[in-house]
Amino acid sequence: MTYALTITHLYPVEMNIYGDRGNVLTLCKRMEWRGITANVVDVGVGEPFDPSRTDIVFAGGGQDRGQVAVGLDLQSRTDALLEAAEAGVVMLVVCGTYQLFGRRFQTLEGHDIPGIGLFKADTIGSTQRLIGNVTIETRWGPMVGFENHSGQTTLDPGEAALGDVIKGYGNNATDKVEGALHHNVHGTYLHGPVLPRNPAFADHLIGTAMRRRYDVELLEPLDDTLERAAAKVVMDAPR
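For the sequence shown, the residue numbers in my numbering are 133 to 371.
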């Protein structure tokens, strides 16, 4: 049997200041190496998007200026994205888009950008910039990345985080948790990009999408020796 998954890259131009497209490339290569066809669909502001036809949704980070336009566009997609999340569609949203998947992002100047409310979380702009190497503990093992954000995100009590912070800040300067998790929707501040740095997490996303689409996983192990060595360097490095 031939297997194929559709990856929707939301806002590839508007939200791509940290090389987050590398996450899509990583998904594609790790699928290709296993004989799974990856169909990538780029969706920008104002362009049609049917989440029921996709297997993995990815969206990256951007400047505050880009977030305003993206935030407005996301409002028109709220119902579709919430329905897709409840149906188990796999999603990864990073930094600026992670903030907009919460209830709101308040800029440092006090301007409120409404989010879609998928995560029970609020983000407030701060004069303190949270920047540096990060290590977190997750259900997929340790994950590493690089954070660079002034927005501080607070999850509601009971809202699941992606992981617990071992080194670095995470969502904010005090809570020691990173990201958010709702069904198969994953939010994070980790750049690097996050997926090439964390192949087990990338495989989790692919495997979950395969189970949902085909009721199979079929993920043969890959040689991740170099990736694990690179992750260890980050874990051992100072902030």
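C-beta atoms are modelled at their ideal positions from N, C-alpha and C, and glycine is treated no differently.
With DSSP collapsed to three states, give me the class of residue i.
i, result
"E279", "strand"
"Y346", "helix"
"D211", "helix"
"D174", "strand"
"D368", "helix"
"I149", "coil"
"R236", "strand"
"A341", "helix"
"A201", "helix"
"A312", "strand"
"T169", "strand"
"A332", "helix"
"V221", "coil"
"P246", "strand"
"G319", "strand"
"G228", "helix"
"G194", "coil"
"T286", "strand"
Near residue i, which residues of its chain fall below 7 Å by C-beta distance, leaving aside the five closest residues on each side in sequence?
i, result
"L213", "P183, I248 and L250"
"I149", "G193, G194 and Q195"
Output needed for residue i: all residues of its chain with C-beta closer than 6 Å, excluding positions within five of it in sequence on either side, in chain order.
i, result
"M223", "V189 and V317"
"T340", "V222 and N316"
"T186", "T138 and T140"
"L232", "G203, L206 and G247"
"C160", "A170"
Could you spell out the range, first to last residue, of the alpha helix (DSSP H) harbouring residue i?
i, result
"V136", "Going by the sequence as given, residue 136 is Ala instead of Val. Unbroken run through A136 is the beta strand (DSSP E), Y135 to L142; no alpha helix (DSSP H)."
If you follow the beta strand (DSSP E) that residue i is in, where does it begin and where does it stop?
i, result
"A253", "A253 to T270"
"D296", "G295 to K299"
"F181", "Note, F181: premise wrong, no beta strand (DSSP E); not H, not E."
"A191", "I188 to A191"
Residue i and residue j look like a contact to me (Cβ under 8 Å); what is the Cβ gap, rounded to whole Å?
i, j, result
"M275", "N330", "5 Å"
"L287", "K252", "7 Å"
"E146", "V177", "6 Å"
- Contact the region 199-211 vs the region 230-248: 3+ CB pairs below 8 Å: yes
- Item | Given 8 Å, three or more beta-carbon pairs between the region 330-339 and the region 267-286 | Judged by Cβ distances under 8 Å, the region 330-339 makes contact with the region 267-286, as three or more pairs qualify.
- Message: For the pair the region 260-268 and the region 277-285, tell me if three or more CB-CB distances fall below 8 Å.
- Response: yes
- Meets three-Cβ-pair contact criterion under 8 Å: the region 350-365 and the region 281-298: The region 350-365, when compared against the region 281-298, does not touch it at the 8 Å Cβ threshold.
- Query: Any contact of the region 153-168 with the region 344-354, i.e. 3+ C-beta pairs under 8 Å?
  - Reply: yes
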